[in-house]
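Residue numbers (the working numbering): 40 to 340.
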Amino acid sequence: MALTVEEMIITLGQQLADAQLFYGHGSDNPHDEAAELVFFAAGLKHEQASDCYRQALDETVILKVRALVERRIQERLPAAYLTRRMWFAGHEFYVDERVLVPRSPIAELIHAQFEPWLKPSQVRRVLDIGTGSGCIAIACALAFPAALVDAADISPDALSVTRINIDRHQLDGRVRAVQSDVFSQLADDRYDLIVSNPPYVSHAEMDDLPAEYLREPELGLRAGADGLDVVRRILAEAENHLQSQGLLVVEVGDSEQALADAYPSVPFLWLEFEQGGGGVFVLTAAQLIEHRGALAAGAIR
Ligand SMILES: C[S@@+](CC[C@H](N)C(=O)[O-])C[C@H]1O[C@@H](n2cnc3c(N)ncnc32)[C@H](O)[C@@H]1O
């Protein structure tokens with residue numbers, strides 16, 4: 040008997056729930072993940088969800104989505120690597136195993152054009168360090184239509200995905216993919232906004248990560264003994280790459296306390312998010328200059 044979209048979502052949601060998977064890559068529960076897989080397999084749009092729940096699914100679609108769920112369970116692959124897509128800040132991005140699955144709470148800041156910390160009309164140049172899929176860089180370019188954006192990553196593999204997304208969003212003229220170890224290839228550039236979701240997982244935390252995270256590139260996650268290897272370098276050098284009214288925004292996730300402890304004199308402003316997530320701080324260019332000594336010392340360990 041033909042199953043409807045709704046019946047298939049309920050059935051597969053239960054199958055996923057029974058498998059005790061981990062959800063941290065775009066959805067936080069088995070039902071939503073089943074819905075994404077069914078919609079993907081059937082070629083349906085989430086915006087039309089209420090119109091298609093009672094629609095009967097073809098046998099080919101049922102076989103396809105059952106195979107996807109099987110892989111999700113057996114291989115512990117995040118669903119986004121099966122569908123090769125993820126939404127971020129309201130935009131769709133291509134993703135595969137070369138990049139982290141987009142999920143940063145920074146999306147909420149982009150929606151707000153980083154107000155009240157920035158004047159949107161003054162944002163002309165943006166840098167995204169550790170761009171991965173390019174989600175933050177591209178969403179910034181779409182939020183600031185007059186801005187030029189540099190999307191930097193150390194990984195050539197990740198940058199191949201960045202370029203796919205720049206192309207898909209037709210932003211070739213405004214978003215530049217740059218291979219750079221933090222600021223190494225951006226020597227003379229100054230930005231109004233530097234934003235980064237760098238790797239920030241400590242060695243010890245890496246050992247405890249659910250299997251789904253181990254499907255992501257290690258370069259996107261692992262960041263030394265205290266998770267701050269890349270962040271320390273961003274903090275030490277950002278001052279030289281910001282305009283005088285510029286802003287630095289960095290996600291450090293669960294390494295928030297380690298960072299606060301490592302730099303007790305630096306006035307990190309930790310942001311709150313309506314849609315969940317945290318561990319994101321802002322510092323102004325003026326604060327980076329004022330605390331230059333502590334930030335430089337923090338990079339030498
Ligand atoms: C946590 S992922 C974030 C990806 C993307 N910005 C996002 O939010 O989904 C971190 C990214 O930083 C890159 N990365 C790691 N070390 C780096 C370094 N030293 N310089 C530049 N990028 C680096 C990784 O290749 C990875 O793509």
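Every residue gets a Cβ at the ideal spot worked out from N, C-alpha and C, and that includes glycine. The structure presented is a predicted model; accordingly, all values stated were derived computationally and were not measured.
For residue 340, does the three-state DSSP call read helix, strand or coil?
coil
Residue 175 Cβ short of 6 Å to ligand 1 heavy atom set:
yes
With a 10 Å radius around its C-beta and 16 neighbouring C-beta atoms as the bar for buried, classify residue 144 as buried or exposed.
buried
Just list the residues that DSSP pairs residue 295 with in beta bridges.
Beta-bridge pairing links residue 295 to no other residue.
What are the partner residues of residue 62, as DSSP defines its beta bridges?
In DSSP, residue 62 forms no bridge with anything.
With a threshold of 6 Å on Cβ separation, who are the neighbours of residue 79 within its own chain once the five nearest residues in sequence on each side are excluded?
122
Can you give, in chain order, each stretch of the alpha helix (DSSP H) that sits fully within the stretch 244-293 and has at least 4 residues?
250-253, 268-276
CB-CB under 7 Å to residue 16, same chain, minus the five flanking residues each way: which ones, in chain order?
Outside the shown range of the chain, which is 40 to 340, sits residue 16, and nothing can be said about it.
Can residue 236 be considered in contact with ligand 1, in the sense that its beta carbon sits closer than 6 Å to one or more heavy atoms?
yes
Buried/exposed call for residue 249, threshold 16 Cβ in 10 Å
exposed
May I have a chain-ordered list of the alpha helix (DSSP H) segments no shorter than 4 residues that lie completely inside the stretch 91-130?
98-113, 118-122
Going straight from the alpha carbon of residue 127 to that of residue 340, what length do you get?
36 Å
Looking at residue 190 and residue 173, is the spacing between their C-beta atoms short of 7 Å?
yes
Run through the DSSP bridge pairs and tell me what residue 229 is partnered with.
Paired residues: none, contrary to the question.
Using a Cβ-Cβ cut-off of 8 Å (strictly less than) and excluding sequence neighbours within five positions of residue 116, which residues of its own chain qualify?
110, 251, 254
Indicate whether the contact test is met: 3 or more Cβ pairs, each with one atom in the stretch 190-202 and one in the stretch 146-156, closer than 8 Å.
no
Threshold first: 4 residues or longer. Then list the alpha helix (DSSP H) segments lying entirely within the stretch 185-244, N to C.
195-207
Should residue 170 be counted as a contact of ligand 1 given a C-beta to heavy atom distance under 6 Å?
yes
Assuming residue 320 is part of the beta strand (DSSP E), what are its boundary residues?
319-323
What did DSSP end up calling residue 67 once you bin it into helix, strand or coil?
coil
I'd like to confirm the pairing. Which residues does DSSP put opposite residue 4 in its beta bridges?
Since the displayed the chain opens at 40 and closes at 340, residue 4 lies outside it and no answer follows.
Grab me the residues of residue 327's own chain with a C-beta within less than 6 Å of its C-beta, minus the 5 sequence neighbours each way, in chain order.
277, 278
Pairwise C-alpha distance: residue 241 and residue 20:
Since the first and last residues shown for the chain are 40 and 340, residue 20 lies out of range.
Does the Cβ of residue 143 lie closer than 6 Å to at least one heavy atom of ligand 1?
yes
I need the boundaries of the beta strand (DSSP E) containing residue 166, first residue and last residue.
164-168
Beta-carbon separation (whole angstroms), residue 15 vs residue 235, contact threshold 8 Å:
The question about residue 15 has no answer, for the chain in this structure spans 40 to 340.
Just to confirm the assignment, what range does the alpha helix (DSSP H) spanning residue 85 have?
Taken as a continuous stretch (DSSP letters only), residue 85 belongs to no alpha helix (DSSP H), as it is neither H nor E.
Considering Cα atoms alone, identify which of 113, 186, 167 is closest to residue 160.
186
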